[in-house]
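Novice:
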Amino acid sequence: MKLSLNVPVVKQFMQKKGWNERDLARHMGISYTTVYRAMRGQRGVGGLFVKKLMCVVGGDLALDDVVIDVTLLPGGNEIQDKG
Numbered sequence: 001m002k003l004s005l006n007v008p009v010v011k012q013f014m015q016k017k018g019w020n021e022r023d024l025a026r027h028m029g030i031s032y033t034t035v036y037r038a039m040r041g042q043r044g045v046g047g048l049f050v051k052k053l054m055c056v057v058g059g060d061l062a063l064d065d066v067v068i069d070v071t072l073l074p075g076g077n078e079i080q081d082k083g
């Protein structure tokens, strides 16, 4: 299973909190570079990343809201940020 962030949902959460990517990284306890790359689809997200993100988003978002199983997408399709 290959997971990717649902970037529009994560951006909406960050906007609601008044956070930027550096704030999200700080709250997750990970590097800004890791968040930056995940938000741009330059890296997938693993279990530890997802766990830390879910701790931050708390009851605001469900797991299915913030991650997408890329292996379920038909071949040639990509997740694109429309925002």
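Taking the UniProt record's numbering, the leading residue of the sequence shown gets 1, the next gets one more, and so forth. Beta carbons are placed, not taken as given, at the ideal position from N, Cα and C, and that holds for glycine. Computed from a predicted structure; not experimentally measured.
DSSP on Leu5, reduced to helix/strand/coil?
Specialist: For this step, residue 5 is matched to residue 5 along the sequence shown. Strand, per DSSP.
Novice: Check whether the Cβ atoms of Lys11 and Met28 lie closer than 8 Å to each other.
Specialist: Counted from its first residue, the sequence shown places residue 11 at position 11. Counted from its first residue, the sequence shown places residue 28 at position 28. No, the Cβ-Cβ distance between Lys11 and Met28 is not below 8 Å.
Novice: Shorter than 8 Å from the beta carbon of Phe49 to some beta carbon of chain D?
Specialist: No chain D is present in this structure, which holds just one protein chain.
Novice: Please name the residue in Ile68, Lys17, Gly18 whose C-alpha comes closest to that of residue 89.
Specialist: Nothing about residue 89 can be reported from this structure: the residues present for the chain run from 1 to 83 only.
Novice: Roughly how many whole angstroms lie between the Cα atoms of Thr71 and Trp19?
Specialist: On the sequence shown, position 71 is the one that residue 71 refers to. On the sequence shown, position 19 is the one that residue 19 refers to. One C-alpha to the other measures close to 30 Å.
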